[in-house]
Each structure stands twice: as C-alpha cells, then as structure tokens.
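Everything below concerns the one structure shown next.
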Amino acid sequence: MDLIGLLAFNVLTGVATLVLITLGLGVIYGMMRVINLAHGEFMMLGAYTAVTAHQAGVNIWIAMLVLPPLLVGLVGLMLERTLIRFLYGRIIDTMLATWGVSLGLTGLMATIFGNVVRAVPTPVGSFAIGGYGASLYGVVVVVAAVAGLAGMLALLRYTKFGLILRATMQNPNMAAALGVSPPTIYMAAFALGSALAGLAGGILAPISGVSPGMGAAYIARAFITVLGGGPAIITGTGLASSVFGVINQLVSFETTPVIGDVALLAAAILMIRILPQGITGRFLRRSL
Amino acid sequence: MRIPANSLVSGWGGFIAMVAAGLVLMFSLPQLLDLFGIVQMTVFVAMAMFALSQGFLWGYGGIMSFGQAAFFGIGGYAYAVSVINLGESTTPVLIAILAPMIFAALLGYFMFYGRISDAYVGVITLTVSVILFELVNSTSGNEYHIGSAQLGGFNGMPGVPPLNFPGDASSPLEPEQTWYAAMGSLILVYVLLRGILASRFGRVVVAIRENETRAMLLGYDPRLYKLLTFIIAAGIAGLGGCLFTNWGGFISPTVFGLTMSAQVIIYVLVGGLGTLLGPILGAVLIQYLMIQAGSQNVVDPNLGLGVVLVAFVLLVPQGIVPMLRDKLLPVRKPAPQNAPAGKAVEAGR
C-alpha cells in the first residue's frame, strides 16, 4: 500500500514535470505554429538564472519563481524582434534558425560558465508516505504545474488579452481589420511562451543538474507532448502529459529511467500513427 | 533532355567532369599530402558521405530529417559490433549499410504511412536520435554486450578493427588504402545517386517534393516513394558512419548527439540544397573551418555552429553552390517551345 502511494506520487510528479516543460512550447508551437527548437535552451537559461541569483544571495523562491520567467521572457522578446519575426510561415527555416539559436545559447553558456553541472539546493524537506520518504519538492512541482495550467486557462478564457491572442492566432487579417496589431500580439505570445519555459527551468533547477547541455534532455519530450496533445493547448497539454507521464513513470519504476524515457517516446510515435492530429484533434475539439 | 542541361552541375558534361575531378583527387592527394593530411581527408570524406545522405533526403526528397545522425550512428555501431564479433570486415560493412536501412524502414513506415506533416517528421527523427543517444549512453557496464563486443556506454567502443581486404582478415588496410576505399565509395555513391535521380523513380521523388497532391493524383503513392527515399538515405548515412568508425577505430554515443545532426544540416545548407556537390563541399569546408576554430579554446565550438546556421538561414538560404552557379551562369536560355512548362521549376532548383 505504501509502495502504491509512493508510486502514485511519483507518477503525479512526472506528469507535472511534463506539463511544466510543455506549457511554454504549447503557446509558441501549439498556438503560433513556430517550431522553437531552442525551447530547451530557454529552460536552461531559466535554470541558470535561478542558480546565479541564488548564489548572489537572492531569496530562493524569488530566484526560482520570479526572476527566470522575467529574464527568459525578455530574451524571447529580443529574439522575436531580431530573428523569429522574419521567419513566420517558413516552418523549416524557423526550425533551422531556432536550432542555430539553441546551439548558440549552449555554446555561449558553456563559454561563460564552463561545461560543469551546477545545482540549486532544494528549498523544502521531505515527508513520509508510510515507510517511504518522498521529497516535498514534488508537491511544489505539482502545485506549480496546476497553477500554470489554471493561470493559462484563465488568461486565455477570461481576459481581453487572451481573447485578442486567440483571435489573432485564428485569423490575423480579421484581427488587424478590427484594430489589433498582429505583429505586436505575436511578439507578446512569443515572449509569454519563453517566460513559461524560463519558469519551467527555474522550478526544475533544484531537481535536475544545471548545465549548458541540459536543454537537449527536455526538448524531445516537450515536442512529443505538444504533438500528442493536439490543437487545444491547455486540455491537450494536460491530457498528453498525463498519458505520457504515467507510461514514463510506470516503466521507469519497473526498469530504469532511461528505459522509461524510451517507452515514453515510443508510445508517442505510436500515438502519432494512430492520432496524427493529437488527442484534441480527435476528441474534445472545442476545448481550449 | 531528361535532365536540364543548362546548369554546370546537373548536366551530363557536369556529371562526367565531377566524377573525373573526384578520381583525380582520389589518386593525386596521397602524392600531395603527408600521412596526417590523408587521414584528415578520410574523415572529411566520411562526413561528406553523411552530408550526401542528408542532401539527397532533404534536397531531392523534400524530407527534413533532424536526426540523420541516428542512422550514421547505427551504421557506425553496427560496423563496430559486427567486426569485433566476426573478425573480418566485409560482412560488417554490409551490415553497417543494411542495419540503418531496416531501422529506417520501420520508423519511416510509422511516419509516412501515418501521413504526418513535414515538420512532425523533423521532430520525430530528432526524438529518435535523442532516444538512441540516451539508450546507448546508458549501456556502460559489463552486462551490456552484443556477442563479444562491449558497448561501453558513454565511453564508447575503443579498438574497433579497421577495414581489411575483402575476405582476408589478416591484411588490414593502410591509411592510404583506407583513403582510396573511402573516396572510392564516395564517388560510387555519388554516381549511384545521380543514376537514381535520372531514373523514373528519382523523377517521381522530385515530383513529390514539388507537389505531393499532384503526384498523388497522377497515381503515384507518395508514402511509398518517401519511405524508399528515407531508406536509401539511411543506408548512405550508415556507410558514412562505418567509414567514420573505421577512421578512428573508435565510436561513442556522441555520434547520435544533436551536434552531429545539426552539423550535417549545416553542411547541406551551406553547400547548397538541391545539389549533390553542395553537401560534399559544405562538409569539407565547414569541417576545415571547425578544425581551425577548434584549435582555439576561447569560444565553445557550438556557438560558432549556431551563428553559422542562423546566418545562412537569414542571408544565403540557397547555399554556396547554387549561389555560385547563378552568379557564374547568369543568363539562361529560354526553354525550347516543345518542352513541358514544369521543367523550368526543376531547372531553377
């Protein structure tokens, strides 16, 4: 019974991690159709922000939750202005250019900080599930993921900005005719997605080593989850994260984490064969 | 004319000139360079083979693989594992070509018969190379072995036996002979690809790249043609991986890494998309520059790769070879009256 409790907790944490790393990409890829291969590096920047700020004596919670989204959002904004906005509608070129950015950021951070793994201490302790100890930080991750999903849902559904954002993504010309400036909205959306990636990096910094190459570990999972989720980014991200997270954690529990990752990716490839449009391409089409 | 003759690198004259130039290089370089230079050129050729695979798949098949390193790596590992087990290199070379092709057939079936869009193909191939990297990376320890070959995890497999004369395990090739083998197979693959492109099959592949719906309406099954293109490209990448392993007698999981897949895309992009010469020249040029850049320790090489990639996407998206071709041969004769109108599109690539 205790073991089942622990396993359930791990599954929940795994699902929440997937939600966090995918949410930003959901905005940038799911809504804007920009395949941002530098997503993992945005997370890496967020994690480095957390590490550096913590070392500089900033309160750990501010260093993890506030600074990374601000800084990475700003980086995303600058990148959109200087590079991405020239490439809208050219999918392959966008992929190549953002891959260039990804390599460039990895190289830049390796040049500045060196190719070493850094760490942030976990700010909370552990608790007991029966006879087993579990890290309380898992709860933080779960709460952050739920808050992220709820926040995005509220933003898109109940605010004027959310309405304009969705309208512009659906039909930029019509939005422009009604007095919205689509380039500004695209810029804001890209910055929002980048900020969410930065937040994910900040939150995951204590449980994953922080190194210049850490982004590569997330990019594949994030993309596969967005693809699996389909067009409705919030429902899709939630559902796909749940499916893949459960598979990943259960297989990891039975074998090793590496085999767990392999199972996740294999399941995703199979699912794309069955549901090419993702889960919400077939079911729950009217959801958000 | 089956192939537009108005461009230097795609006409018959150009083809013969290319093969002749390749043969001249093959036999003259050992006279011109010292041993170190020849060994260096051999790895350039291995990477050029890899670039040719990506160039064929992307430039002619219109399939964007972001994880071509998967097949390069599978080829390399297949060679290493089988040559250690068999002790003789003829069959292992064949295995190094066939293993990636079989893997590509499986993966390609799911991708192309799932009718997923081009961008998803990129993402899935990327994912697969990441899986392979993680998988092979985790095989350290004595319990991970295939036959008598230890996989070695992150440390890779050292001491892979070199190529030997076919059927004679006791006479391994000297570095100079390895060069002949590598360059010879590059020329062979080039000729093979030109043959494929001139054949009916190749023209359907290009037609699908140009307009998939139209090709489908004419009765061709794009899924099958894409799958076959994907498989051929995987075999070429595998041969490149085999040559690469053979060059250093060593292979490690970094061959599956993202840097590897990025590099080959940069070779093709810099050299020129939609040509076969471009990827080869791009591979040699970029590697030469990387070696020059690698001798300094100030900046991480990834930074340079990234900057080159972004710069080419924004500024020279067509690549060096097509740019030079257009510069050197600026005036095109108008197409003859009886030529089908669609030909002009192909000639423009």
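Chains as they are written, first to last, in this note's numbering: chain A, 1 to 288; chain B, 1001 to 1349. We put the beta carbon where it would ideally sit given N, CA and C, even for glycine. Predicted model, so just to flag it, every value in this text is computed and none were measured.
Taking a C-beta cut-off of 9 Å against chain A, the contacting residues of the segment 1292–1307 of chain B are V1298, V1299, D1300, P1301, N1302, L1303, G1304, L1305, G1306, V1307, listed in chain order. With a threshold of 8 Å between beta carbons, A:D261 makes contact with chain B. Neighbours of A:T111 in chain B, taken as residues whose beta carbon is under 7 Å from its own, are V1299, D1300, L1303 in chain order. Using a Cβ-Cβ cut-off of 9 Å, A:F86 is close to L1314 of chain B, given in chain order. A Cβ-Cβ contact shorter than 8 Å links B:S1261 with B:A1069.
Nearest Cα to A:T122 within the set A:V51, A:L83, A:A56: A:V51.
Identification of chain A residues near B:T1127 by a Cβ-Cβ cut-off of 8 Å yields A220, F223, I224, L265, A268, I269, ordered along the chain. Only residues of its own chain outside the window of five on either side were considered, and among them V27 have a CB closer than 6 Å to the CB of A:L192, listed in chain order. Under the 8 Å criterion on CB atoms, B:M1064 is classed as interfacial with respect to chain A. B:R1115 has a beta carbon lying within less than 8 Å of a beta carbon in chain A.
Counting only residues of its own chain and dropping the five nearest sequence neighbours on each side, A:L12 has a CB closer than 7 Å to the CB of V142. Taken atom to atom, the span from the alpha-carbon of B:A1293 to that of A:I219 is near 28 Å.
The Cβ-Cβ distance between B:V1043 and B:F1244 falls below 8 Å. In its chain, beyond the 5 residues on either side, N1085 have a beta carbon closer than 6 Å to the beta carbon of B:G1147.
Among the residues facing chain B, A:A97 is included, as its CB has a counterpart in that chain under 8 Å away. Counting the other Cβ atoms within 10 Å of the Cβ of B:M1216 gives fewer than 16, which makes it exposed.
At least one CB of chain A lies nearer than 8 Å to the CB of B:E1134. In this chain, the alpha helix (DSSP H) harbouring A:A266 covers 257–274. Taking a C-beta distance under 8 Å as the contact criterion, A:Q249 and A:G260 qualify as a contact pair. Taking 8 Å as the upper bound for CB-CB distance, A:M64 and A:A189 are not in contact here, some 24 Å apart. In the DSSP assignment, B:A1149 is bridged to B:I1146.
Nearest neighbour of B:F1165 by Cα position, chosen from B:G1319, B:E1143, B:E1174, turns out to be B:E1174. Judged by beta-carbon spacing, A:G245 lies beyond the 8 Å limit of A:I279, meaning their Cβ atoms are not closer than that value.
Across the segment 1099–1110 of chain B, CB contacts with chain A closer than 9 Å involve L1107, Y1109, F1110, in sequence order along the chain.
Within the segment 269–287 of chain A, the residues whose Cβ lies closer than 7 Å to some Cβ of chain B are I269, I272, R273, P276, listed in chain order. For A:G201, none of the residues of chain B pass the 8 Å Cβ criterion, the least Cβ distance being about 18 Å. Listed in chain order, the alpha helix (DSSP H) elements of length 4 or more contained wholly in the segment 1108–1172 of chain B are 1118–1137.
One finds A1262, N1302, L1305, G1306, L1309 in chain B with Cβ atoms closer than 7 Å to the Cβ of A:L103, taken in chain order. Residues of chain B whose Cβ lies closer than 9 Å to the Cβ of A:A216 are, in chain order, V1130, F1133, G1257, L1258. Rounded to the nearest whole angstrom, the CA to CA distance from B:N1246 to A:R286 is 56 Å.
Closest by C-alpha distance to A:P182, out of A:Y88, A:G76, A:T106, A:M214, is A:Y88. Taking 7 Å as the upper bound on Cβ-Cβ separation, chain B lies near residues I35 of the segment 24–53 of chain A.
Taking the beta carbon of A:D93 as reference, the chain B residues within 9 Å of it are V1313, L1314, P1317, listed in sequence order.
Remark: C-beta atoms of A:L18 and A:L196 do not approach each other more closely than 8 Å.
The closest CA to that of B:L1305, considering only B:K1327, B:V1270, B:P1279, is found on B:V1270. Listed as beta-bridge partners of A:A134 by DSSP are A:F127.
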